[in-house]
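This report refers to the structure that appears directly beneath it.
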Amino acid sequence: MTRVFVTALFAIALIFASREASAGYTHYWKWLKEPERAALGRCVAEMTRIADARREILSDGAGKTGAEARFDQTCEAFDASDLGCLAFNGVGAEKHETFSFPVSGGAPAFSFVKTALKPYDAVVVAALIVARDHFDPDTLDISSDGDWGVEWESGAKLYSQVLGRRARNPMSEGRTAPPLDDAEEGPSRVDRYGGYAFAVVLVAAIAYIARQVIRRR
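To convert, take the position in the sequence shown, counting from 1, and add 386; that gives my numbering.
What follows is the structure, encoded as structure tokens:
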């Protein structure tokens, strides 16, 4: 009975630790040049096609879902009434931070979105793959805490399913997490990796307690 209890406790700890570790999972993009308006319009149009294909798991910038959601009309991060723009988030408990493009968080030079690897992350990934199709690395830098072929796999599949073309790794120079200048605003490294550190400590603590309980039997 003790072993069953310890096993259950350890499993719960692993699940909780996994959620904590993914909480800071982030994608980043930085404009190195001002985007050309026509290209931005084409880019947002394709991103909208992808969002429309998964609208059952998305809400727009106004919180509307389902048929009422308008992903290409809801950018609130900056004044872009004359530019193409797009915004979406998850639904209910699957919400995290709102993804908005071309910028997020009101910082045109450097944008980021934390998704905590919730289901809408696949749509964010697919959208960033679209962004690379329309803007080269000299114009738009894209990076992520995730890896191509691992965390990005579901988004790459969604991209191909909707647009009918092969997904290509959009991350600049194959990088994952970006180098941050001190002057740039973004999630701190403590914030980004704090979840992982907490997960390691929690699992180690549970393992230690489990060993002590078993030894006392």
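Built from N, CA and C at the ideal position, the CB exists for glycine as well.
Review point. In chain order, what residues of the same chain have a beta carbon less than 8 Å from the beta carbon of P505, not counting five sequence neighbours either side?
Key: I443, G476, E480
Exercise for review: Name the residue from R551, Y414, V516 whose alpha carbon lies nearest to the alpha carbon of E606.
Suggested key: What is shown of the chain runs 387 to 603, which leaves residue 606 out entirely.
Exercise for review: Please go through the same chain and pick out, in chain order, the residues whose beta-carbon is closer than 8 Å to the beta-carbon of V509, but skip the five residues on each side of it.
Suggested key: I436, A437, R440, I443, L444, F474, F485, G541, L544
Exercise for review: Could you please give the first and the last residue of the uninterrupted alpha helix (DSSP H) stretch that includes Y545?
Suggested key: 539 to 549
**Study point:** Selected residue, minimal CA-CA separation from G452, among G427, C471, G478, C429
**Key:** G478
Exercise for review: Express the C-alpha separation of D507 and L472 in angstroms, rounding to a whole number.
Suggested key: 15 Å
Review point. If you check the beta carbons only, do W415 and L503 fall under 9 Å apart?
Key: no
Check your understanding: Which of helix, strand or coil does DSSP assign to H413?
Key -> If DSSP states are grouped into helix, strand and coil, H413 belongs with the strands.
Practice item. Going by CA-CA distance only, name the one from E559, K450, S530 that's closest to T501. Key: S530
Review point. Would you report the Cα separation of W534 and A495, rounded to the nearest angstrom?
Key: 24 Å
Review point. Helix, strand or coil for V477 per DSSP?
Key: Residue state, collapsed to three classes: coil.
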